[in-house]
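Worksheet: one structure, shown below.
Residue numbers (my numbering), protein chains in the order written: chain A, 1 to 326; chain B, 327 to 652.
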């Protein structure tokens with residue numbers, strides 16, 4: 001009797017398992033349009049041992065841009081919100097900022113006027129807010145800030161402004177033996193404190209722009225001090241350089257987005273790897289659920305068409321954009 | 327009856343499992359001296375869930391110096407043998423080298439005279455032999471070279487000049503959920519082509535010194551060209567900087583060796599991490615089986631004594647140094 005009951009339990013488990021496997025869609029927030037089908041087909045062919053397109057697990061490197069690809073970058077990149085809040089917090093120690101651009105405009109709440117100074121203004125803001133402290137102190141600032149700061153239009157914490165379909169894609173790739181990396185123009189030390197919790201991507205798999213640091217002994221303890229000196233800009237043609245520097249091999253899957261042409265070189269670099277590869281370009285065409293924006297020169301979409309990269313329409317291909325959507 | 331038999335089978339499996347666990351020594355090339363005991367005790371306490379010293383797997387970062395810690399660095403660092411062979415191969419295209427130091431001495435086989443020029447001479451050799459080609463071309467050169475090049479005294483391939491106890495330590499740590507990294511003053515692009523096969527450490531877990539690279543399109547394909555410009559020197563106080571840049575968190579275990587004081591800052595940085603940490607300093611005191619050498623100022627051993635770091639005597643603590651030993 002016991003044996004029969006055991007067999008029945010075993011059968012029930014097997015049946016339940018089969019049912020679960022079939023019912024479980026690894027990409028539930030994606031519509032059943034061409035991109036989802038192509039992603040699943042790609043993952044299946046590179047993971048099928050013995051198949052012509054098989055790629056061993058150690059070579060299954062996937063690189064993702066962050067701003068506009070994994071999380072929202074409008075009305076402006078989230079790191080800039082952090083920088084502006086830092087400017088406000090530091091203003092009492094800098095009375096001279098009242099008459100000095102770009103700080104004067106920022107403190108009046110006029111981001112547009114502050115940014116009129118272009119790259120130079122941006123660099124001044126970053127240097128004033130991201131340097132002079134130790135790496136540990138900066139990490140704490142970022143953690144404290146991101147725990148409470150909210151997006152101006154959705155009023156959601158910034159960590160909820162991540163694209164649910166991409167969260168599912170990252171998890172799906174990892175479940176299939178891929179190692180997922182961020183390769184972003186954003187600051188490496190701004191991303192690392194939260195990417196593991198939000199994306200499941202540990203600090204050592206985050207590639208980004210950075211300033212130089214200096215090793216020092218303070219009170220008998222070694223610290224790294226963040227200097228006001230650029231180390232590396234991980235954008236555009238810097239992305240393949242950053243990938244080579246940090247990862248040391250070409251990705252077989254790369255994802256970027258339409259905004260500034262910042263991911264074209266990375267996707268091209270990915271595609272130059274021998275064997276099966278996949279390139280995704282997220283297109284921000286959903287004004288109702290997110291933001292709709294394009295590039296003045298349309299460079300990313302042109303490159304996608306010319307090279308056969310997958311364009312993901314947020315409007316047509318994503319069932320849900322944010323997890324908080326009703 | 328069936329149930330009883332099943333129980334017996336289960337018991338047999340459990341007993342066999344216990345026996346196997348006890349019989350399998352993960353560090354068979356280590357003598358049963360203090361270092362081996364301390365390593366095993368450390369790994370057991372940081373991996374024991376619920377224990378006060380428990381460290382979650384994602385934070386189990388271990389960083390290893392390469393030259394003199396994982397493989398032999400005498401009579402000179404192995405990368406220098408590669409550079410010298412490249413100088414010989416390139417000499418026909420550089421008739422001017424016959425009268426130009428450090429190349430003239432090198433081509434006469436007088437390494438000592440060539441190195442009289444100090445760091446500047448070394449840099450000239452590295453620039454002449456490690457730059458001007460693409461990253462892919464350089465990778466192929468390293469792979470071709472290391473497949474056949476041999477150590478001058480042992481006549482063994484350089485990839486056999488690795489320390490067997492350290493190979494076992496790397497594997498033991500990984501089996502316990504650690505992520506193992508190389509953090510070396512050597513060239514990152516010189517190490518990556520072979521570290522995965524030899525140490526089980528993939529390219530993305532190799533940190534080293536590097537030159538700058540530039541992204542270019544050649545015949546419609548993106549390539550990274552190696553420029554004659556230093557990007558980063560991953561030695562001494564540069565090691566914590568390199569760890570922060572690549573890994574973004576402090577290691578809980580770091581291993582270096584006595585030679586040039588090159589690992590002191592890394593071990594100090596590791597030790598500054600809150601919670602349980604372990605630092606190892608390999609001491610080259612076995613002239614019979616390897617090479618015996620010390621530092622003129624004894625800085626590494628002094629730092630080890632002052633900070634309570636484990637000193638590993640190759641003579642006393644290693645049963646076997648190289649796998650090819652009889």
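A virtual CB, placed ideally from N, CA and C, is assigned to each residue, including glycine.
Using a Cβ-Cβ cut-off of 7 Å, residue 202 of chain A counts as an interface residue toward chain B, since at least one Cβ of chain B sits closer than that to its own.
In this chain, residue 383 of chain B is not harboured by any alpha helix (DSSP H), its DSSP state being neither H nor E. Among the residues facing chain B, residue 79 of chain A is not included, as its CB has no counterpart in that chain under 7 Å away.
For residue 624 of chain B, no pairing in a beta bridge is given by DSSP. Taking 7 Å as the cut-off between beta carbons, none of the residues of the region 152 to 168 of chain A comes near chain B. Across the structure, residue 468 of chain B and residue 551 of chain B are spaced so that their CA atoms are roughly 16 Å apart. Between residue 534 of chain B and residue 512 of chain B, the C-beta gap is smaller than 7 Å, which places the two residues in contact. Under the three-pair Cβ rule at 8 Å, the region 457 to 466 of chain B counts as touching the region 512 to 530 of chain B.
In the structure shown, residue 121 of chain A adopts helical secondary structure according to DSSP, grouped into three states. For residue 598 of chain B, the closest Cβ of chain A is nearer than 7 Å. Minimum Cα-Cα distance from residue 483 of chain B among the listed residues B:427, B:404, B:569 corresponds to B:404. Between residue 356 of chain B and residue 488 of chain B, the C-beta spacing is not below 7 Å. Collapsing the DSSP output to three states places residue 457 of chain B in coil. Closer than 9 Å at the C-beta level to chain A, one finds these residues of the region 492 to 515 of chain B: 505, 507, 514, 515.
Per DSSP, reduced to three states, the secondary structure at residue 252 of chain A is coil, with no helix or strand assignment. Taken in chain order, the members of the region 555 to 566 of chain B whose beta-carbon sits within less than 9 Å of a beta-carbon on chain A are 557, 558, 562, 563, 564, 565, 566. In the structure shown, the three-state DSSP call for residue 646 of chain B is coil. With fewer than 16 other CB atoms across the displayed protein chains lying within 10 angstroms of its CB, residue 32 of chain A is exposed. By the Cβ test, the region 573 to 582 of chain B is in contact with the region 384 to 393 of chain B, since at least three Cβ pairs between them sit closer than 8 Å. Residue pairing by DSSP places residue 393 of chain B opposite B:397 in a beta bridge. For residue 486 of chain B, same chain residues with a beta-carbon under 6 Å away, outside a window of 5 residues either side, are 650 in chain order.
If you draw a straight line from the Cα of residue 493 of chain B to the Cα of residue 525 of chain B, it comes to about 6 Å. For residue 155 of chain A, the secondary structure class from DSSP, reduced to helix, strand or coil, is coil. Using a 10 angstroms sphere on the CB of residue 144 of chain A, the tally of other CB atoms stays under 16, which defines it as exposed. Per DSSP, the unbroken beta strand (DSSP E) holding residue 605 of chain B starts and ends at 604 to 609.
Taking a beta-carbon distance threshold of 7 Å, residue 633 of chain B does not count as an interface residue toward chain A.
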